[in-house]
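Visitor: Pasting a structure here, questions to come.
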Amino acid sequence: MSLWVDKHRPKSLDALSYHPELSTRLSSLAASGDFPHLLVYGPSGAGKKTRIVATLKELYGPGVNKIKIDSRVFVTPSNRKLEFNVVSSIYHMEITPSDMGNNDRIIIQELLKEVAQTQQVDLSAKQRFKVVVINEADSLTRDAQAALRRTMEKYSPNLRLILLANSTSNIIAPIRSRTLLVRVAAPSYDDISSILFAVAKKERVALPPALAERIALESGRNLRRALLTLESLYAQNDSLAPDTQIPTPDWEVVVTSIADDLIKDHSAPALLKIRAKFYDLLAHCIPADLVLKTLVFKLLAKVDAELKPEVVYWAAFYEHRIHMGSKVIFHLEAFAAKFMRIYEIYLQAMMDN
Amino acid sequence: MQRNISSFFRPKDGSSQGQKGSSAAVSSSPPAARKAGTDQENKKPTSTTGSPKSAKSNKADDVKKPAPKPAKRLDSLFSDEEEDVKMKKPRSKKAKDDDDDYKDEPAPQAVTISSDDEDATASPKKKKPTAATRKRKQDDDQTARPTKKRAPAANTAAKKEDDLEVLADAPPAKKKFNPAEFAARRAAVNTGVCAELPEGAPNCLAGLAFVFTGILQTLPRDDGIALVKKYGGLVRTAPSRNTNYVVLGEEAGPKKLEVIKKLGIKTIDENELFELIKTRPANGGDTAEGIKAQKKAAEEEKKIIEMSKTIGIPEPAKAVKASSSGSTSSQASRQTSEQVNKPPRSLLWTDKYAPRSIKDICGNKGAVQKLQKWLEDWPANLKANFKRPGPDGSGVFRAVMISGPPGIGKTTAAHLVAELAGFDVIETNASDTRSKNVIAEALGTVLDNKSIAGYFGETKQDVDAAKRKIVLIMDEVDGTSAGDRGGAVQMSAFCKTTHVPLILICNDYSLQKMRTFDRTTFNIQFRRPDANAIRSRILSIAYREGLKIPAPVIDQLVQSTHADIRQIITLLSTFSLGETGRKEMSFEQGQRMAQDWQKHIVMKPFDIASKLLNGEMFGARSRATLNDKIELYFNDADMSPLMVQENYLRTRPAAGANKVQTLTQLDRAASSISDSDLVDRMIHGSQQQWSLMPLHGVLSTVRPASFVANGGSERFMFTSWLGNYSKGNKLSRYLQEIQSHARLRISGDAEEVRTQYLSSFFDNLYTPIATRANEGGVEDAIKFMDEYYLTKEDFDAVLELGVGPKNGEELWKKIPTATKTAFTRKYNTGSHPVPFIRASTVTDPRKVKKEVPDLEEAMDDVLGEEEEKKEEENEEEEEEDTDLSKDKYIKKPKASAKASSKATAKAPAKAPAKGKGKAKK
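Note that the protein sequences, when read in sequence, are chains W and H. Residue numbers for the first sequence follow the UniProt record's numbering, beginning at 1 and rising by one. Residue numbers for the second sequence follow the UniProt record's numbering, beginning at 1 and rising by one.
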């Protein structure tokens, strides 16, 4: 009953279908006995985590697949108690310090040191070191990253780190220099289609090649999204045809309606309505930069070529602000207001001519 | 903080005025006509905006210049702005450029004026002739005053008649109300010239009533009103039979003009008003009004002198008389005689002149009567067991709640009423602890008591049976602090059962914590008394103290203190101490003192938003400086930016502005708010640059408001940011929970779960239940939940997290209740896998019963023993799972014990490691 994306996830390095050279590199690293700290980065849905789990299996054997979740309690300097989930097998441990927001430094300092100061208990283990996987490393605060630097060197006999990130730009240089950078590129459209076929075959679903291509295209080279789309398509339709309509995620529907509003009506009440939709998306945990990015691409499809550079310029301008500031709605709204203005000016100029 | 910043930012006189003024004001800003050191300096700020020419202009100049000159100047000014619009139009095509610098942007008002459509620009032109005639009218014998460009004298009276004709007849016939024109009119106020205010004999306008209407050429209306008041004149809002003069400006309302014409009231312009002030003798002299006014004043003075004898602490000789007239109780006379013996200097004025009888209380007569009646009827009502509501419905209440702003005599009234009705008073206030227990203990015994104060009275009277009554006054009920938890509820419970009358006093009855008194007390509201009610009392106090204060000054103090009598008395007391021998307060002194002592009221977010956004502050006539606007932000630095952000889209677009102009202003406001967020980050982020607060205020509040501010806005809303923020936090917590539960199956982080997985979760959880609940849909959904270790809470969270077409909360409501309960029952009957064992959810059935510890203190002793027992048991069982398989109650002490042992074990091990680390570094 698992979703296909989870059911058919490859468990070992040799089962991975695309980026073969990366897979061989990882397996040789695992075999070398001198496994370095890794910084694995790549876009969402490219298979970073899958590769790491497979690499861990290569390192330690099937034991790493027996995982459990512990709930740990940490006390901040201001005496607040924080609950923190740790996913671990006997060989490795997986943490997401950014769950703790600004307190991630405590996790890094306390938890990592605790792990690093003890040696591998299982004498029959293949490796002498333990591995800690840090998810969302690019959203670690500066403090936490600084706390990580020295720990990485000092405890390297006992501890190897695998950092997972979407891009390296938020990772401070000292950490980048201490790790082996592994880029997991998004799969190509062909990669995705072939995986879709493979999964469809396993599930005994007749998948028309044209539809597979369309799904791949729609997914934006995100394999997870492609597989989830395929499954929901299969669930919603009796049979798959090349022209079956591909459902868009709920939030994207809202973003599309925002784009429509922006094109249609330029006034303060319209902006108020758009603000309400922005709020709705943000409150429902859709990241602001994703909203802006999606919105811009929707808008670009609707405006004339002449206007595109300006729209993109302002989108980039306000995306930067989203990252610099704290109240993201202000910047989204400012972008909407800006777009209304330049579009209205453009329309009036067209009419005058 | 606030003070510092404001003083730091206080600009040189007038420099910030030009900021938001129309370009006309900006162009002529050099402060020229400034007479330093006079008291009037504050009162003629528009003079600083006058052009240098205006100051220097002499008579010869005036004659040379033809009359229409100023009009022409105005014309050119407007055409300038038209050009501006033309210039802007092509430029606006490349909107990016014009946006980067806001120096060359026209001030917001420029947009109101420089609209494209015909009539907005036409209307100022139409006005010009009238402007010219008005100029011409000014008398030439006023040459002393450096007013601007005066035309040769004309027949004033005839001209005025003409004007009146034109104004009265033309507007209703020809003009329809046009918002664009109205805005233009507002903006094009006066010529930027301000008249020098004249000096006259004190109180020379006594007995005269004035009405101001229309736009005055050289005098802002507020200044005019202040001027008239200063010289003892009365200012009314609408013309009536009693009005002596109407100070008529341009384009007065047609209705008013009609009334003026009908009643035949004399109309003057500001110059004639000045003349009036200069020529009239002090106190109105021997004119009819003057004599009348003098008579009236004399009468009033007599009354005040009369009154001043009765107020305050009576002189010993009069003590008996005062007490017998003021109150009948022996208690009062005892008190007063006691007080008389004390040296009077040691008393505060507020105590010295506290009301001694009901009629001394200023204002709130009705409320006091209500209170009095309630208290007098109390014993009868008690007998009737509070079943008879009585005419005002107060009969069913054992307690009464007096609410009202501070300083208007609530406590005094309560005491006086109690005294008058022959009750002894027991009072508690915020200085006493009033927690639940204390109140229960203290009141529980008091409430059934009888007073014995009468037995110990100095006067050897018989103990009056009535004296054995007591009343409990609970002052400052809303001033409960953290230590007073549960006090309000307890008090309200007493209100239902008390056997003595309870008078509760609070400031703000609308507070949430006062809700509990809604049903148990009879609410009597005290309102701020108006100036009339206070004036005579203050005057008589002043008389008693030998201060001479004109009535207008008192009115001013009343206004600035928001009718806080106590504060006014304190102010006067301070004033009398300030300079030795200072016994007279002039109008200006009063004004200044009122300003200095203006009750600093922290404005509420709504007030701030509407003040900023309704356009008055940014109008051409506004005299609010940038600092005043920043000051508004500092009233509530957290809320005001949010309120502006919420409501800047709710103002009406500027009149006459076209769509692009409106959007441009919106865009500017939005981007300024966006700028402010970056500054906010620098303040509240890791940098903690608190000195940037004023900048944040400007960017987040003042500047956006300046772009969009306009009169006649929609209703303002409370900021939705806070609600959405906390909702976002809540949902992201849910999301994290889902992610951590499903973690064993999925690979994504929380964000990916939301953007990618959620749709599939939704399809697999909601859809089966919604579409085929009876064909195994419910089972399928539960199976899916178990597969991903999702709990029932996670199920709800998935529904809640959806937006738009997958707004699960809405959809879930449409599912029949039967299906929902079937799902819940089904889910609850089965057992479900959890990804990790929560120590708290596992309970040993045998020990469950013990898990009802009520009193934590009591358990401590027992715990020690039990813990040992458990320890032994545990050792027999497998060590490994102890912390998981224990129930909650056992686990707690165990964990702490374990933790402490761990800590102690760790400490020595850690210490050297740490030391080593340090040494290395």
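Cβ atoms here follow ideal geometry from the backbone N, Cα and C, with glycine treated the same way. Bear in mind the structure is a predicted one, so any value in this text is a computation, not a measurement.
Counting only Cβ pairs nearer than 9 Å, list the residues of chain H close to Y155 (chain W).
Guide: Here residue 155 (chain W) corresponds to residue number 155 of the first sequence, with the count starting at 1. Residues of chain H passing the Cβ test: none, with the nearest at roughly 11 Å.
Visitor: Tell me the DSSP bridge mates of T521 (chain H)?
Guide: Along the second sequence, one-based indexing puts residue 521 (chain H) at 521. Answer is H:A399, bridged to T521 (chain H).
Visitor: Can you have a look at I673 (chain H) and say buried or exposed, based on whether 16 or more other CB atoms are within 10 angstroms of its CB?
Guide: Here residue 673 (chain H) is taken as the residue at index 673 of the second sequence, counted from 1. Looking at its Cβ environment, which holds 16 or more other Cβ atoms inside 10 Å, I673 (chain H) is buried.
Visitor: What residue does the alpha helix (DSSP H) around M617 (chain H) start on, and which one ends it?
Guide: The residue you call residue 617 (chain H) lines up with position 617 of the second sequence. That residue, M617 (chain H), is in no alpha helix (DSSP H); it is neither H nor E in DSSP.
Visitor: Would you list, in sequence order, the uninterrupted alpha helix (DSSP H) runs of no fewer than 4 residues that lie entirely inside the segment 619-705 of chain H?
Guide: Complete alpha helix (DSSP H) runs here, min 4: 626-635, 639-647, 659-684 and 693-697.
Visitor: Check whether chain H comes within 8 Å of V249 (chain W), counting only Cβ atoms and requiring the distance to be less than that.
Guide: For this step, residue 249 (chain W) is matched to residue 249 along the first sequence. Val is not the amino acid found at residue 249 (chain W); the sequence shown has Pro there. Judged by the 8 Å Cβ criterion, P249 (chain W) is in contact with chain H.
Visitor: Let me make sure I understand the geometry here. Which of W:L233, W:R275 and W:S219 has the alpha-carbon closest to that of V328 (chain W)?
Guide: Numbered from its first residue, the first sequence carries residue 328 (chain W) at position 328. Closest option to V328 (chain W), Cα to Cα, is W:R275.
Visitor: When DSSP builds the beta bridges, which residues end up paired with V235 (chain H)?
Guide: If you number the second sequence from 1, residue 235 (chain H) lands on position 235. In the DSSP output, where bridge partners are listed per residue, V235 (chain H) has H:F210.
Visitor: Beta-carbon of I268 (chain H) versus every beta-carbon of chain W: anything under 8 Å?
Guide: On the second sequence, position 268 is the one that residue 268 (chain H) refers to. It does not; no Cβ of chain W falls within 8 Å.
Visitor: Looking at the unbroken beta strand (DSSP E) that takes in I192 (chain W), where does it start and where does it end?
Guide: The residue given as residue 192 (chain W) occupies position 192 in the first sequence. No beta strand (DSSP E) holds I192 (chain W); the alpha helix (DSSP H) holding it covers Y189 to K202.
Visitor: Apart from the five residues just before and just after E875 (chain H), which ones in its own chain have a Cβ nearer than 6 Å to its Cβ?
Guide: Here residue 875 (chain H) corresponds to residue number 875 of the second sequence, with the count starting at 1. Low per-residue confidence applies at E875 (chain H): pLDDT is 46, beneath 50, and the placement is therefore not dependable enough to give any value.
Visitor: Tell me the start and end of each unbroken alpha helix (DSSP H) in the segment 775-814 of chain H that is at least 4 residues and wholly inside, in chain order.
Guide: Fully enclosed alpha helix (DSSP H) runs of 4 or longer: 778-787, 792-801 and 808-814.
Visitor: Any beta-carbon of chain W closer than 8 Å to the one on P653 (chain H)?
Guide: Your numbering for residue 653 (chain H) matches position 653 in the second sequence. Cβ-Cβ to chain W under 8 Å: yes for P653 (chain H).
Visitor: Give me the subset of the segment 267-288 of chain W whose CB atoms are less than 7 Å from a CB atom of chain H, sorted by chain position.
Guide: From the segment 267-288 of chain W, only A268, L271, L272, Y279, D280, L281, L282, A283, H284, C285, I286 and P287 have a Cβ closer than 7 Å to chain H.
Visitor: Could you name the residues of the segment 85-119 of chain W whose beta carbon sits closer than 8 Å to any beta carbon of chain H, in the order they occur along the chain?
Guide: Here the close residues are N85, V87, T96, D99 and Q117.
Visitor: Any contact between the segment 227-235 of chain W and the segment 26-40 of chain W? By contact I mean 3 or more CB pairs, one from each, below 8 Å.
Guide: No, the segment 227-235 of chain W does not touch the segment 26-40 of chain W.
Visitor: My output table needs one value for H92 (chain W): the three-state DSSP class, helix, strand or coil.
Guide: Numbered from 1 along the first sequence, position 92 holds the residue referred to as residue 92 (chain W). Residue state, collapsed to three classes: strand.
Visitor: Whole angstroms are fine: how far does the CA of E310 (chain W) sit from the CA of Y346 (chain W)?
Guide: For this step, residue 346 (chain W) is matched to residue 346 along the first sequence. For this step, residue 310 (chain W) is matched to residue 310 along the first sequence. Approximately 11 Å between the Cα atoms of the pair.
Visitor: Report buried or exposed for N353 (chain W), applying the criterion of at least 16 other Cβ atoms within 10 angstroms of its Cβ.
Guide: In the first sequence, residue 353 (chain W) corresponds to position 353, counting from 1. So N353 (chain W) counts as exposed.
Visitor: Would N507 (chain H) and P355 (chain H) qualify as a contact pair, given that the criterion is a beta-carbon distance under 8 Å?
Guide: Mapped onto the second sequence, residue 507 (chain H) falls at position 507. Mapped onto the second sequence, residue 355 (chain H) falls at position 355. No, the pair does not count as a contact, with Cβ atoms beyond the cut-off.
Visitor: Kindly list the residues whose CB is nearer than 7 Å to the CB of L207 (chain W), restricted to its own chain and excluding five residues on each side of it in sequence; keep chain order.
Guide: On the first sequence, position 207 is the one that residue 207 (chain W) refers to. So the list reads L196, F197, A200 and L240, once near-sequence residues are dropped.
Visitor: Taking C-beta pairs closer than 8 Å, name the residues in chain W that K727 (chain H) reaches, listed in chain order.
Guide: Counted from its first residue, the second sequence places residue 727 (chain H) at position 727. Those are A283, listed as they occur along chain W.
Visitor: Would you call the segment 740-756 of chain H in contact with the segment 279-297 of chain W, where contact means no fewer than 3 C-beta pairs closer than 8 Å?
Guide: The segment 740-756 of chain H vs the segment 279-297 of chain W: in contact.
Visitor: Name the chain W residues whose beta carbon is nearer than 9 Å to that of K230 (chain H)?
Guide: For the purposes of this step, residue 230 (chain H) is taken as the residue at position 230 of the second sequence. Neighbours of K230 (chain H) on chain W: none; closest Cβ ~44 Å, over 9 Å.
Visitor: Mind checking if M350 (chain W) is an interface residue toward chain H, Cβ cutoff 8 Å exclusive?
Guide: On the first sequence, position 350 is the one that residue 350 (chain W) refers to. Not an interface residue.
Visitor: Would you grab the beta carbon distance between A413 (chain H) and L371 (chain H) for me? Rounded to a whole angstrom, and I think it's under 8 Å.
Guide: Within the second sequence, the letter at position 413 stands for residue 413 (chain H). Within the second sequence, the letter at position 371 stands for residue 371 (chain H). Contact holds; Cβ gap of about 7 Å.
Visitor: Going along the chain, which residues of its own chain have a beta-carbon closer than 7 Å to the beta-carbon of K827 (chain H), five neighbours each way excluded?
Guide: The residue given as residue 827 (chain H) occupies position 827 in the second sequence. Here the sequence assigns Tyr to residue 827 (chain H), which means Lys is not the residue at that position. Hits under 7 Å: I782 and K792.
Visitor: Could you tell me if M350 (chain W) is buried or exposed, where buried requires 16 or more neighbouring beta carbons within 10 angstroms of its beta carbon?
Guide: Locating residue 350 (chain W) in the first sequence gives position 350, where the first residue counts as 1. Label assigned to M350 (chain W): exposed.
Visitor: Quick one: any contact between the segment 421-431 of chain H and the segment 371-382 of chain H, if contact means 3 or more CB pairs under 8 Å?
Guide: Yes, the segment 421-431 of chain H is in contact with the segment 371-382 of chain H.
Visitor: Measuring straight from C-alpha to C-alpha, what distance separates V228 (chain H) and P501 (chain H)?
Guide: Counting from 1 along the second sequence, the entry for residue 228 (chain H) is found at position 228. Counting from 1 along the second sequence, the entry for residue 501 (chain H) is found at position 501. One C-alpha to the other measures close to 51 Å.
Visitor: Residues in its own chain within less than 8 Å of F606 (chain H) by CB, not counting five upstream and five downstream?
Guide: Position 606 of the second sequence holds residue 606 (chain H). Cβ neighbours of F606 (chain H) beyond the five flanking positions: M643, F716 and F718.
Visitor: Against chain H, which members of the segment 29-59 of chain W pass a CB distance test of less than 8 Å?
Guide: Going along the segment 29-59 of chain W in chain order, one finds S44, G45, K49, T50 and V53 with a Cβ nearer than 8 Å to chain H.
Visitor: Report the residue from W:Y279, W:F330, W:N135 and W:L82 whose alpha carbon sits nearest the alpha carbon of R72 (chain W).
Guide: Taking the first residue of the first sequence as position 1, residue 72 (chain W) is located at position 72. It is W:L82 whose Cα lies nearest to the Cα of R72 (chain W).
Visitor: Would you call the segment 588-595 of chain H in contact with the segment 674-689 of chain H, where contact means no fewer than 3 C-beta pairs closer than 8 Å?
Guide: Short answer: they don't touch.
Visitor: Got a sec, what are the start and stop residues for the beta strand (DSSP E) C495 (chain H) sits in?
Guide: Within the second sequence, the letter at position 495 stands for residue 495 (chain H). Not the beta strand (DSSP E): C495 (chain H) falls in the alpha helix (DSSP H), residues G487 to T497.
Visitor: Closest to A259 (chain W) by C-alpha separation, out of W:K302, W:N237 and W:A235, would be which residue?
Guide: Numbered from its first residue, the first sequence carries residue 259 (chain W) at position 259. Considering only alpha carbons, the answer is W:K302.
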